[in-house]
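Asker: Heads up: the sequence shown begins at 6 in this note's numbering, then just goes up one per residue.
Here a beta-carbon is modelled for each residue, glycine too, at the ideal position from N, C-alpha and C.
Note that the coordinates shown come from a computational prediction; the quantities given were computed from them, not determined experimentally.
Dropping the structure in here first, questions after.
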Amino acid sequence: RDGAYLMSGVTFQALLSRRPVENAIGQGVGTIITDIYTTNQSAGFDGTTNQAIAAAAHGPSSGNSVGRYGKDFGSGNAKVVTGVDIYGANDAGYLNGYATVTPILKASNTDPTTTSWTGTTIGSITPFTNANAILAKSSLGNSNSTAYRYAWIEICGTSTCGLAEVVLYETT
6 RDGAYLMSGV TFQALLSRRP VENAIGQGVG TIITDIYTTN QSAGFDGTTN
56 QAIAAAAHGP SSGNSVGRYG KDFGSGNAKV VTGVDIYGAN DAGYLNGYAT
106 VTPILKASNT DPTTTSWTGT TIGSITPFTN ANAILAKSSL GNSNSTAYRY
156 AWIEICGTST CGLAEVVLYE TT
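Here it is as structure tokens:
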């Protein structure tokens, strides 16, 4: 037999072929948006997951309790963002000033830099303890089905913040 039948002649393989596929959005797609990751700003979307804080996207929080870093995909280029991978710096993690990090994936069709970063929560990463290591974390397979022009990760605390890499995913 080609596969076990689950219901009225439909195979497991046929069901899998109907499932949406998550693909990484190209690191060069869109324009970076951020509020505090101002040093080495492009480093968080350069494809390098293993780098020190000096080379990673980073910056002081300037009194913010949250740092935001993401993409503007451009007018007419909205994406159905369904997930994210994040990587802390290999020598400093996320440097967030808190022992526990709780990243949230958000999106909007309105420029968040002009609306105090309000947006729809698409997903989150289970809270984890920061450490001086890469600490790769993922939030994939979120049920978002709405296309958004802007997508970003919210992370950080009250001290210097750093991200070695961010990978956004879309359903195709």
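Helix, strand or coil, according to DSSP, for R6 in the structure here?
Answerer: Reliability fails at R6, whose pLDDT of 41 lies under 50, so the model's placement of it is uncertain and the value that follows must be treated cautiously. Coil at R6, not helix or strand.
Asker: Give a yes or no on whether 7 Å exceeds the smallest Cβ distance from A60 to chain C.
Answerer: The chain inventory of the structure shown lacks chain C, comprising one protein chain alone.
Asker: Buried or exposed: which applies to N135, given that a residue is buried once 16 or more other Cβ atoms fall within 10 Å of its Cβ?
Answerer: buried
Asker: Classify A9 as buried or exposed, calling it buried when 16 or more other Cβ atoms lie within 10 Å of its own Cβ.
Answerer: With a pLDDT of 47 at A9, under the threshold of 50, the modelled position of that residue is not reliable, and the figure given next carries that caveat. Answer is exposed; the Cβ neighbour count stays below 16.
Asker: Looking at the secondary structure, which residues open and close the beta strand (DSSP E) in which G173 lies?
Answerer: According to the sequence displayed, residue 173 carries Leu and not Gly. Start and end: 170–176.
Asker: Helix, strand or coil for A62? Go by DSSP, reduced to three states.
Answerer: strand
Asker: Hey, I91 and E159 are a contact pair by Cβ (cut 8 Å); roughly how many whole angstroms apart?
Answerer: The pair is not a contact, with the Cβ atoms about 11 Å apart (cut-off 8 Å).
Asker: Apart from the five residues just before and just after N114, which ones in its own chain have a Cβ nearer than 6 Å to its Cβ?
Answerer: Y153, R154
Asker: What's the call for L173, buried or exposed, on a 16-neighbour Cβ count within 10 Å?
Answerer: buried
Asker: For S80, is the classification buried or exposed, using 16 other Cβ atoms within 10 angstroms of its Cβ as the cut-off for buried?
Answerer: Exposed.
Asker: Cutting at 8 Å between CB atoms, please list the residues of its own chain near A83, excluding the five before and the five after it.
Answerer: N114, A152, Y153, R154
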